[in-house]
Every structure is written in C-alpha cells, then in structure tokens.
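Reading through the structure tokens given below for one structure.
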Ligand code: SF4
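Residue numbers (our numbering): 319 to 465.
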C-alpha cells in the first residue's frame with residue numbers, strides 16, 4: 319500500500335492514533351507499506367527500511383535502525399541533525415545551509431553539492447553512484463570511494 323504524507327496534516331494525538339491503526343492493519347493483514355513522509359520521527363517509528371531521496375534521486379538506503387544510528391550520506395546526516403530529540407535538546411539547531419535548488423534545473427554532478435559541507439570539485443562534475451557500502455546498506459556519495 320502506498321501512503322503519501324498520510325499523517326502530515328494531522329495533529330499529534332490523531333497522528334498517533336492513525337499510526338497505531340497503520341501498525342495494527344500491517345500486523346493483521348500482513349501488509350507492506352511504501353510510506354512517503356518528510357517527518358523522520360514518524361518514519362523511524364513505522365519503518366523497517368528507509369530510502370532517503372534528494373531532488374528526485376535516491377541518496378541512501380538502509381535498515382531503519384542502522385540509518386538513524388549511523389547515517390552515511392551528508393544529506394541524511396544533515397536531516398537527522400534537524401530532528402529534535404529529548405537527549406539533544408541543549409544542542410544548537412543546525413539547519414541545512416542554502417536554498418533547495420529547482421528540480422527542473424538541478425545542480426550538476428551530485429545534486430546536493432551546493433549545500434554539502436564536504437563537497438569537492440569532483441562533486442560538482444561527477445554524479446555519485448548509489449553503491450553498497452556495507453551489507454544491506456547503500457549510499458551515493460564520493461566520500462565512500464576513499465574507504
Ligand atoms: S558526493 Fe560530494 S557533494 Fe555529494 S554528498 Fe557526497 S561529499 Fe557531498
């Protein structure tokens with residue numbers, strides 16, 4: 319079942335009820351969800367496996383626990399740094415630098431390079447390939463070529 323931003327417009331208490339219903343139906347009916355969301359808290363709560371996309375490209379794929387414990391791609395790291403957490407409440411909020419480019423005319427090479435703190439000349443020119451970085455994990459970043 320494809321669920322596209324299914325709980326985005328709901329207030330927190332209704333959202334929790336709907337998410338519980340999603341999980342119950344998954345269990346009872348043996349369903350698989352393709353759950354599309356910008357809310358990483360919801361994603362972490364509901365998913366077994368996460369695909370992170372930036373400007374229409376997949377940049378990282380990983381089991382949920384691994385991705386949230388040790389993100390690989392700089393965009394994933396930046397996204398997770400923006401998620402408020404009880405244990406990091408004192409930390410300074412660090413939004414991703416720069417504007418989101420137009421998907422109609424995306425940046426060359428790695429789409430994320432204008433906003434990436436690790437970008438090099440190669441990133442501007444060459445599109446990184448999504449490749450396996452460890453069993454069951456994939457990432458599209460030139461930094462992984464050094465390992
Ligand atoms: S390929 Fe380069 S610009 Fe893209 S995420 Fe990796 S380091 Fe950053």
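In this text, a Cβ means the ideal position worked out from N, Cα and C, and glycines have one as well.
{"Query": "Helix, strand or coil for residue 452? Go by DSSP, reduced to three states.", "Result": "strand"}
{"Query": "Go ahead and label residue 331 buried or exposed: buried means 16 or more other beta carbons lie within 10 angstroms of its beta carbon, across all protein chains shown.", "Result": "exposed"}
{"Query": "Evaluate residue 370 with the Cβ neighbour count: other Cβ atoms within 10 Å of its Cβ, from every protein chain shown; 16 or more gives buried, anything less gives exposed.", "Result": "buried"}
{"Query": "Just to confirm, is the Cβ distance from residue 455 to residue 399 under 7 Å?", "Result": "no"}
{"Query": "Please report the residue range of the alpha helix (DSSP H) in which residue 384 lies.", "Result": "382-387"}
{"Query": "Among 358, 335 and 368, which one has its Cα closest to the Cα of residue 351?", "Result": "368"}
{"Query": "When you compare only the Cα positions, how much space is there between residue 414 and residue 358?", "Result": "15 Å"}
{"Query": "Express the C-alpha separation of residue 451 and residue 462 in angstroms, rounding to a whole number.", "Result": "7 Å"}
{"Query": "Under 7 Å between the Cβ atoms of residue 391 and residue 377?", "Result": "yes"}
{"Query": "Can you list, in chain order, the residues of its chain whose CB lies under 8 Å from that of residue 337, leaving out five sequence neighbours each side?", "Result": "325, 360, 363 and 364"}
{"Query": "Should residue 431 be labelled buried (16 or more other beta-carbon atoms within 10 Å of its own) or exposed?", "Result": "buried"}
{"Query": "Apply the 10 Å Cβ neighbour rule to residue 421 and answer buried if 16 or more other Cβ atoms are within range, or exposed otherwise.", "Result": "exposed"}
{"Query": "Let me confirm a value: residue 396 is counted as buried when at least 16 other C-beta atoms fall within 10 Å, else exposed. Which label applies?", "Result": "buried"}
{"Query": "Which first and last residues belong to the beta strand (DSSP E) in which residue 341 is found?", "Result": "First-last for residue 341: 330-347, but that is the alpha helix (DSSP H), not the beta strand (DSSP E)."}
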